[in-house]
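Participant:
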Amino acid sequence: MSTFRRVKLSESGSVTVVTFADSKIIDEEEIQELGQELFDLVEREERKKIVLNFSNVEFLSSAALGKLISFEKKVKNHRAELILTNIRPEIYEVFAITKLTKLFKIKDDEADALAVL
Numbered sequence: 001m002s003t004f005r006r007v008k009l010s011e012s013g014s015v016t017v018v019t020f021a022d023s024k025i026i027d028e029e030e031i032q033e034l035g036q037e038l039f040d041l042v043e044r045e046e047r048k049k050i051v052l053n054f055s056n057v058e059f060l061s062s063a064a065l066g067k068l069i070s071f072e073k074k075v076k077n078h079r080a081e082l083i084l085t086n087i088r089p090e091i092y093e094v095f096a097i098t099k100l101t102k103l104f105k106i107k108d109d110e111a112d113a114l115a116v117l
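Residue numbering for the sequence shown follows full-length UniProt numbering, starting at 1 and increasing by one per position.
1. Could you tell me the alpha carbon to alpha carbon distance between residue 183 and residue 46, rounded to whole angstroms?
2. Please check the pair residue 148 and residue 55, which I expect to be a contact at CB under 8 Å, by giving their CB distance rounded to whole angstroms.
3. Starting from the Cα of residue 118, find the closest Cα among 6, 98, 3 and 11 and give me that residue.
4. Grab me the residues of residue 24's own chain with a C-beta within less than 7 Å of its C-beta, minus the 5 sequence neighbours each way, in chain order.
5. Here's the rule: buried if 16 or more other CB atoms are within 10 angstroms of the residue's CB, otherwise exposed. What is residue 29?
6. Return the chain-ordered ranges of every alpha helix (DSSP H) run that is complete within the UniProt domain "STAS" (26-117) and spans a minimum of 4 residues.
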């Protein structure tokens, strides 16, 4: 199993719950590292059901959003499932404005996400 610095993992049955370690995801190096950790979940560890829990995240840069979009494509390519949860209203607004609410499955909280995976 890989070592993760930018995310914390927990398991709920067959679902991997990913919680972000950083409250502000803005530094380019950290975003690259975060992206690699997320990609490793589907590429190396072959996890098929992933919940990204944003409860710790206060701010996301546009580069971080780009990385999430790349991750979503990778998840689809590996025939895995991804749900985002616990997104703060001000961050959700960015998802809505950029039409990312159509790309990502988003649930209010972790329990809702786990219920559909």
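Cβ coordinates follow ideal geometry from the N, Cα and C atoms, glycine included.
Everything numeric in this text was worked out from a predicted model, so none of it was measured.
Facilitator: Considering the structure as presented:
1. Residue 183 is absent from the model: the chain starts at 1 and stops at 117.
2. Since the first residue shown for the chain is 1 and the last is 117, residue 148 is missing from the structure and cannot be characterised.
3. Here the chain comprises residues numbered 1 to 117, so residue 118 is not present and cannot be evaluated.
4. 58 and 59
5. exposed
6. 28-43, 62-77, 89-97, 100-103 and 110-116
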